[in-house]
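Structure record follows, encoded as structure tokens.
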Ligand SMILES: Nc1ncnc2c1ncn2[C@@H]1O[C@H](COP(=O)(O)OP(=O)(O)OP(=O)(O)O)[C@@H](O)[C@H]1O
Ligand SMILES: [Mg+2]
């Protein structure tokens, strides 16, 4: 299980890096542009359909006016005029919907494909980022960032094409028609009302953004906390901490609840204000129009037309408040996601990196200095080498830096100073992909995918045949265990591999690494979770596996590494002794001391 003691439950302050406002909008648009550009023709067609639909929308009230006027003027005996207009009216009404639907259908490919491409790009990028990034960020938080980000893209794009642009287009058409046909007051009132409405919406939305963000942040925080708690189900049980966990969760939920409440109240204020502006504008225009009808300067049809325009215009405008709010939020989400993309990996291939060329896999560690944090050095002036095909053991107390050396060889981190060379090639100067292709690691705490045993082993080399997978399973002495399972190799290992024992998990990890077939092997405590019998089996498997390969074995139990070609003793980040088992025993140093300690212990146990 993943230790979570050093985990930090604060929500990462990096999480919300959005700048919001125009700058954020420009940033998001710039990031999205390359994706949209691929679909420029489709976007063009969608916009043409949009214009057709809007022209139909705006013509509709005019047709209504002609109908009302002809009926009003008693031309009923010549039913021809209203009849043809009624047909046109019906056609327009249908056209409005039909062309909008067509536009949606044409545009939806653009939205979905963009979501897919951006999602994939972010996913790939996350795998590019260095280990440290993943250790210090919470996976739950990141996946929510991606989720929200891609949904935000879809929302932004749909709203642009389906709401904002059409509404602005309709507004200018309506204002133009009113201006040409009637007293300028109507278009002044229309434009004035819309501007007031927009200003009010923007102002109020700005004010309530902090409530929305707070609610979002608390939402994510309580969620990551809950996920982490459930992932650590066993630990929670070991310490009887269910109540503590529930209390922690509820404390987060309580804050979330009150943030949501504030969010809700401010939303009510916004919606009511918007409704007030709309009602006032429509009322004023109707009063004006009614007066003109009475005075005879306007027909009844004109009044109906103005009323229809207002109602039509304010339907989507009513929506604009929601859209503005949501676009602001989507913008924040999209920005956060694109900021993830902007973050470069700290571990980069050097500009002219070549692929690692393995001759015989000799490894040199030269004057290595390294620390995870600048003010806490972990490895100090490490010097040793592993000759081709040699098996070298790294021993030393917990926290001495053994696993760190393995991580450095795999280039999960860059050195502070010094060099690691494989066949005389500095590993920081070769491509990471080629470096990692040649190194197989059986890590200290193996985590398995929630899949079958077979698939977990096959993961070591997706191209391997079934027979090759079975061969690795045999080599890792897993076949006996698998035969004892009712579902055999199709048995599911459970979330993070928790349904198999530590030793079984380790053998799965070994089988997986054997399948990868690398030139360099690292075993980090590969036998730590095994009993003596399986330990012997694994040691034999390791022996077979490491034949002809350069091998680094990290071990606590010295009995497992007695036969190594050389043993390196690490203490507090320094190499204090090295030599064969016999040599080190004769030196009567730290190793000899550890050896006799472990010998007497095992005698007591036996
Ligand atoms: N990602 C990290 N960030 C900061 N410090 C770390 C990190 N990983 C390990 N350390 C620290 O570096 C030191 C060396 O860790 P390392 O994992 O190399 O020890 P080790 O020799 O493998 O110990 P063990 O035998 O217990 O596995 C430890 O003190 C540990 O706390
Ligand atoms: Mg370790």
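Residue numbers (the working numbering): 1389 to 1994.
A virtual CB, placed ideally from N, CA and C, is assigned to each residue, including glycine.
Here the structure is a predicted model, which means the values were calculated and not measured.
Residue 1879 and residue 1868 have their alpha carbons spaced roughly 14 Å apart. Inter-segment contact for the stretch 1521-1535 and the stretch 1562-1581 is absent: fewer than three beta-carbon pairs are separated by less than 8 Å.
Just so you know, the alpha carbons of residue 1641 and residue 1610 end up roughly 6 Å apart.
Secondary structure of residue 1909 (DSSP, three-state): strand. DSSP assignment within the stretch 1792-1869 yields the following whole beta strand (DSSP E) runs of 3 residues or more, N-terminal first: 1805-1810, 1827-1830. At least one heavy atom of ligand 1 falls within 7 Å of the beta-carbon of residue 1766.
Taking the Cβ of residue 1894 as the reference point, every heavy atom of ligand 2 lies at 7 Å or farther away. Residue pairing by DSSP places residue 1781 opposite 1941, 1955 in a beta bridge. If you draw a straight line from the Cα of residue 1873 to the Cα of residue 1866, it is about 11 Å long. Shortest gap from the CB of residue 1832 to any heavy atom of ligand 2: under 7 Å. Between residue 1488 and residue 1441, the alpha-carbon positions lie close to 6 Å from each other.
By the Cβ-count criterion, residue 1542 is buried, with 16 or more other Cβ atoms from all chains shown falling within 10 Å of its own Cβ.
Note: residue 1757 is bridge-paired with 1805 in the DSSP secondary-structure output. Residue pairing by DSSP places residue 1648 opposite no residue, since no beta bridge is assigned to it.
Taking one beta carbon from each stretch, the stretch 1747-1766 and the stretch 1630-1646 have fewer than 3 pairs nearer than 8 Å; the two do not touch. Less than 8 Å divides the Cβ of residue 1955 from the Cβ of residue 1968. Between residue 1758 and residue 1966, the CB-CB gap reaches or exceeds 8 Å. In this structure, DSSP gives residue 1748 a state outside helix and strand, which the three-state scheme calls coil. Residue environment for residue 1673: buried (at least 16 other C-beta atoms within 10 angstroms of its C-beta).
Per DSSP, the continuous beta strand (DSSP E) segment holding residue 1966 begins and ends at 1962-1967.
Between the stretch 1764-1781 and the stretch 1717-1727 there are fewer than three inter-stretch CB-CB distances shorter than 8 Å, so the stretches are not counted as touching. According to the DSSP assignment, residue 1567 belongs to the alpha helix (DSSP H) that extends over 1553-1569.
For residue 1788, the shortest separation between its Cβ and any heavy atom of ligand 1 lies below 7 Å. Non-local C-beta neighbours of residue 1882 in its own chain, meaning closer than 7 Å and more than five positions away in sequence, comprise 1838, ordered along the chain.
Residue environment analysis places residue 1644 among the buried positions, since at least 16 neighbouring C-beta atoms fall within 10 angstroms of its C-beta. According to the DSSP assignment, residue 1886 belongs to no alpha helix (DSSP H), since it is labelled neither H nor E. DSSP places residue 1767 within a strand segment (E or B) once states are collapsed to three.
Around the beta carbon of residue 1979, a 10 Å sphere encloses 16 or more other beta carbons of the protein chains shown; the residue is thus reported as buried. Of the other Cβ atoms in all chains shown, fewer than 16 fall within 10 Å of the Cβ of residue 1802; this residue is therefore exposed. With a beta-carbon spacing of about 4 Å, residue 1902 and residue 1860 fall inside the 8 Å limit used to define contacts. Residue range 1428-1460 is occupied by the alpha helix (DSSP H) that includes residue 1448.
In the structure shown, residue 1774 adopts extended strand secondary structure according to DSSP, grouped into three states. Residue 1743 places its beta carbon less than 8 Å from that of residue 1818. Going by beta carbons, residue 1784 and residue 1974 fall outside the 8 Å limit.
Remark: the C-beta of residue 1522 is outside contact range of ligand 1, defined as less than 7 Å to any heavy atom. Between the beta-carbon of residue 1585 and that of residue 1705 there is about 6 Å, and that keeps the pair under the 8 Å contact cut.
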